[in-house]
Amino acid sequence: MIELKDISYRYRAGLEALTGITASIPDGIHLLLGENGAGKTTLLHIISGLLFPNTGCCEIDGLKIADRTPETLSKVFFLADNLDFPQLTVKKFAAVHSPFYSRFDNDLFEENLREFGLTGNEKFRSLSFGNKRKSLLAYSLALSTDVLLLDEPANGLDIGSKQILRRMVAKCAVNFRTIIISTHTVTDLEYLFDGVMMLKRGRLILSESVGKVQSELSFITAPVPPVESVFSIQNLGAFRCIVPADESTESEIDFVLLYLALQSKDADKVLNLLKSEE
Amino acid sequence: MDYSNKFSVNRAIKYGRLFSPWIQRQLLFYPLISIFISVLSIILGYTTYGIAFTALLSFIPAILQYFGSLVFGMHTDRYIETLVPATWCEKATFTVVYSLVVLPLLLNIPSQIIYWIATRIPSVAEGNSWIEVHQLSKALSSGWLWNIVQSLIPTAVCLLALVIYSSRRILMSVVWSIVSLIGISILGGIVGFMSAIKMVKEDINTLNNNDPEAIIDSLASSMQPSLIILGIAGCVILLVIVCIIFRKFRSRQV
Numbered sequence: 000m001i002e003l004k005d006i007s008y009r010y011r012a013g014l015e016a017l018t019g020i021t022a023s024i025p026d027g028i029h030l031l032l033g034e035n036g037a038g039k040t041t042l043l044h045i046i047s048g049l050l051f052p053n054t055g056c057c058e059i060d061g062l063k064i065a066d067r068t069p070e071t072l073s074k075v076f077f078l079a080d081n082l083d084f085p086q087l088t089v090k091k092f093a094a095v096h097s098p099f100y101s102r103f104d105n106d107l108f109e110e111n112l113r114e115f116g117l118t119g120n121e122k123f124r125s126l127s128f129g130n131k132r133k134s135l136l137a138y139s140l141a142l143s144t145d146v147l148l149l150d151e152p153a154n155g156l157d158i159g160s161k162q163i164l165r166r167m168v169a170k171c172a173v174n175f176r177t178i179i180i181s182t183h184t185v186t187d188l189e190y191l192f193d194g195v196m197m198l199k200r201g202r203l204i205l206s207e208s209v210g211k212v213q214s215e216l217s218f219i220t221a222p223v224p225p226v227e228s229v230f231s232i233q234n235l236g237a238f239r240c241i242v243p244a245d246e247s248t249e250s251e252i253d254f255v256l257l258y259l260a261l262q263s264k265d266a267d268k269v270l271n272l273l274k275s276e277e
Numbered sequence: 000m001d002y003s004n005k006f007s008v009n010r011a012i013k014y015g016r017l018f019s020p021w022i023q024r025q026l027l028f029y030p031l032i033s034i035f036i037s038v039l040s041i042i043l044g045y046t047t048y049g050i051a052f053t054a055l056l057s058f059i060p061a062i063l064q065y066f067g068s069l070v071f072g073m074h075t076d077r078y079i080e081t082l083v084p085a086t087w088c089e090k091a092t093f094t095v096v097y098s099l100v101v102l103p104l105l106l107n108i109p110s111q112i113i114y115w116i117a118t119r120i121p122s123v124a125e126g127n128s129w130i131e132v133h134q135l136s137k138a139l140s141s142g143w144l145w146n147i148v149q150s151l152i153p154t155a156v157c158l159l160a161l162v163i164y165s166s167r168r169i170l171m172s173v174v175w176s177i178v179s180l181i182g183i184s185i186l187g188g189i190v191g192f193m194s195a196i197k198m199v200k201e202d203i204n205t206l207n208n209n210d211p212e213a214i215i216d217s218l219a220s221s222m223q224p225s226l227i228i229l230g231i232a233g234c235v236i237l238l239v240i241v242c243i244i245f246r247k248f249r250s251r252q253v
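Here the protein sequences come in this chain order: A and B. The first sequence runs contiguously to residue 277 in numbering that gives the first Met the number 0. The second sequence runs contiguously to residue 253 in numbering that gives the first Met the number 0.
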């Protein structure tokens with residue numbers, strides 16, 4: 000369980016990146032959405048302990064991550080957009096880095112690499128960006144930390160590899176683990192998520208379980224937007240609409256539509272629906 | 000895996016293994032380079048212009064020491080370094096001890112052993128300019144502290160820049176290390192010049208005698224107070240730099 004308590008973060012230049020972020024993030028796979036510069040990576044940095052918030056704190060299982068004790072650090076791994084290490088291969092890196100993580104599963108690491116069509120003995124610096132990503136994803140998912148933070152994990156991956164990644168994340172997401180995935184390409188990993196968080200200009204405007212969103216909102220396609228529609232967009236001659244959910248219909252979440260709705264001027268209508276049954 | 004907050008040497012060494020490819024190379028090649036340069040210096044010490052070449056050769060181990068700590072910034076990631084489950088104190092201790100103790104020892108011990116062996120063989124030591132220069136520097140015994148400190152300050156500055164800067168770490172470390180080296184050289188030059196003037200003023204008779212050993216002794220005694228002061232001041236500066244490095248490890252953010 001991750002607890003974000005009134006977190007604010009301001010860059011040295013004075014730019015406010017995050018304001019008053021408060022949320023409880025339970026175990027499961029969570030999608031972190033937000034426009035460019037909304038503060039997604041900053042939030043991931045704070046959760047991982049790479050940045051210290053100006054106010055508030057982040058706790059993982061009751062331990063303040065900003066203390067950076069070995070115990071708290073062992074609970075988290077953050078796979079950034081571009082990681083580098085001095086070892087020649089990812090296996091050699093794993094040999095010196097994984098001893099810090101007691102739950103590292105070498106068999107799972109080998110299996111993940113095999114699924115991506117890699118051996119782990121390829122020279123890291125000669126790999127393409129996509130293959131570098133694959134090898135690091137295979138490793139970070141095998142670390143089995145309580146909290147795994149993935150920043151744009153599908154970046155640079157081909158279509159087949161994205162499907163493999165989806166299977167891999169689903170397989171690795173065992174109980175008592177929280178995975179937060181920040182991505183702009185939601186469709187690569189959809190149906191995986193247990194929760195969704197959305198940042199807008201440094202504020203966390205949504206942090207809900209997928210079940211809660213589904214119980215309050217329906218995502219439908221209609222030739223014309225229904226009167227009860229709170230948000231709609233025209234798409235290939237039809238309208239994709241968000242309407243209040245009723246008991247008879249249950250639809251899968253359209254994360255793209257939800258994102259567009261919450262970034263639009265109609266965001267409050269959608270958020271009011273989500274809050275209405277609380 | 001031990002996740003206690005108590006300082007663990009085992010964890011500090013494990014942290015060092017993250018930089019293993021570079022560190023292994025240094026552990027192997029630094030003593031070899033030191034031995035090779037010392038032997039080459041002895042050979043060149045018999046030639047007419049050998050002293051000039053040995054002076055140039057002596058820069059190689061010095062540069063290897065000054066920039067040795069760059070291993071902590073080459074193809075590494077501050078995310079990985081910061082997130083590794085070890086205390087900041089363990090990370091800082093390994094980095095500082097390796098850069099400021101292990102590396103200088105790797106370069107100096109083999110050289111000192113070669114010098115010690117060479118001085119014990121009269122046929123080797125006789126008329127060798129490299130050994131004479133060594134003996135000369137040993138005559139300035141009061142400057143031993145300053146000698147150590149002046150070789151460690153550029154190394155410490157290089158390491159400090161490495162932990163302070165988050166981008167262009169290597170470049171900035173090299174630049175600041177060179178700046179500190181220039182500063183030390185200017186300071187050393189001023190002290191040497193002032194001591195020479197002082198010697199000329201106070202001990203003109205020694206100069207008139209034309210006895211090189213007497214001149215060296217006189218210069219050494221006139222430099223002694225300045226070298227002691229510089230040595231102590233250098234120690235304080237070094238200590239401050241090490242403290243800042245430790246603080247940076249504690250507070251660094253990406």
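For glycine and all other residues, C-beta sits at the position ideal for the given N, C-alpha and C.
The continuous beta strand (DSSP E) containing residue 234/A extends over residues 230–234. Straight-line measurement puts the Cα of residue 171/B at about 34 Å from the Cα of residue 2/B. In the same chain as residue 78/A, and ignoring 5 residues on each side of it, the C-beta atoms closer than 8 Å to its own belong to 135, 136, 139, 147, 148, 149, 150, 152, in chain order. Beta-bridge annotation (DSSP): residue 237/A is paired with 234/A. CA-to-CA, the gap between residue 18/A and residue 113/A works out to about 42 Å. Taking a cut-off of 8 Å on C-beta distances, the region 72–89 of chain A touches the region 71–86 of chain B, as three or more cross pairs fall below it.
Between the C-alpha atoms of residue 253/A and residue 89/A there is a straight-line separation of about 36 Å.
Listed along the chain, the chain A residues whose CB falls inside 8 Å of the CB of residue 82/B are 47, 48, 49, 72, 75, 76, 77.
Distance between residue 188/A and residue 120/A, taken at the CA atoms: about 28 Å. Annotated three-state conformation of residue 243/A is strand, per DSSP. For the region 9–30 of chain B, residues whose beta-carbon sits nearer than 8 Å to a beta-carbon of chain A comprise 10, 13, 16, 17, 18, 19, 20, 21.
For residue 197/A, the enclosing beta strand (DSSP E) has its first and last residue at 194–199. Judged by DSSP in its simplified three-state form, residue 8/A adopts strand. If you look at residue 155/A, you'll find it isn't in any beta strand (DSSP E); DSSP assigns it neither H nor E. Contacts with chain B (Cβ-Cβ distance below 9 Å) from the region 81–115 of chain A involve 81, 82, 83, 84, 85, 86, 87, 91, 92, 94, 95, 96, 98, 99, 100, 101, listed in chain order. The three-state secondary structure of residue 219/A, taken from DSSP, is strand. CA-to-CA, the gap between residue 126/B and residue 117/B works out to about 12 Å. Residue pairing of residue 44/B in beta bridges, as defined by DSSP: absent, with no partner found.
Any Cβ of chain B closer than 9 Å to the Cβ of residue 44/A would place that residue at the interface, and such an atom is present. The C-beta separation of residue 114/B from residue 179/B comes to about 27 Å, leaving the pair out of contact by the 8 Å criterion. Only residues of its own chain outside the window of five on either side were considered, and among them none has a CB closer than 6 Å to the CB of residue 116/A. Residues of chain B whose Cβ lies closer than 7 Å to the Cβ of residue 52/A do not exist; the shortest such Cβ separation is about 10 Å. Of all alpha-carbon atoms in 38/A, 91/A, 217/A, 177/A, the one lying nearest the alpha-carbon of residue 246/A is that of 217/A.
In the three-state reduction of the DSSP assignment, residue 252/A falls in the coil class.
Cβ-Cβ separation between residue 21/B and residue 73/B: approximately 6 Å, consistent with a contact (criterion under 8 Å). Chain A places a beta carbon closer than 9 Å to that of residue 85/B, counting this residue as a contact. Contact between residue 193/A and residue 27/A holds, with the beta-carbon distance rounding to 3 Å and staying under 8 Å. For residue 76/A, the enclosing beta strand (DSSP E) starts and ends at 75–78.
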